[in-house]
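Heads up: the structure comes next, in structure tokens.
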């Protein structure tokens, strides 16, 4: 059997370690309700659902943010805290495969929101620089509140 893990995964994991994150493992099988509650019923047709022996609706992990945050809450870990992850997610898409890898950082509870935002942009830039070596990267920022005015 060959590994399905991307060749660059070790480099990504090492980068996350230098960014002061706690690496987390998230179960592939997740309760579906938190995803449906956050993203709405439209998500139901794009995720892979099953049912537990007790009748609970479960799904293959469609993303990491919700389970990472729920695990953080249940662990009663303090904040601020930064988590990193790398693994497969499962969603039906119009183009591309239904299984693909997702890597990311969840930065929770920092009262310095401007600093946390800047750190998130720096994290994204560092990761893109790693996976797209030699590519010119540009960052465009906008304030969402202009759309709410």
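In the numbering used here, the protein residues as written are 1473 to 1621. We treat Cβ as the ideally placed atom computed from N, Cα and C, and that holds for glycine. Since we're looking at a predicted model, the values are computed, not measured.
- Between the stretch 1602-1621 and the stretch 1494-1502, the count of C-beta pairs closer than 8 Å stays below three; the two stretches do not touch.
- Under the DSSP definition of a beta bridge, residue 1531 partners with 1502, 1521.
- 1487 is the residue among 1487, 1477, 1620 whose C-alpha sits nearest the C-alpha of residue 1600.
- Put simply, the stretch 1517-1525 does not touch the stretch 1539-1554. Fewer than three CB pairs are less than 8 Å apart.
- Boundaries of the beta strand (DSSP E) around residue 1559: 1553-1562.
- Judged by their CB atoms, residue 1531 and residue 1504 are nearer to each other than the 7 Å cut-off.
- Annotated as proximal: residue 1520 and residue 1562, with beta-carbon spacing under 7 Å.
- In this structure, residue 1582 lies away from residue 1590, with their beta-carbon atoms at least 7 Å apart.
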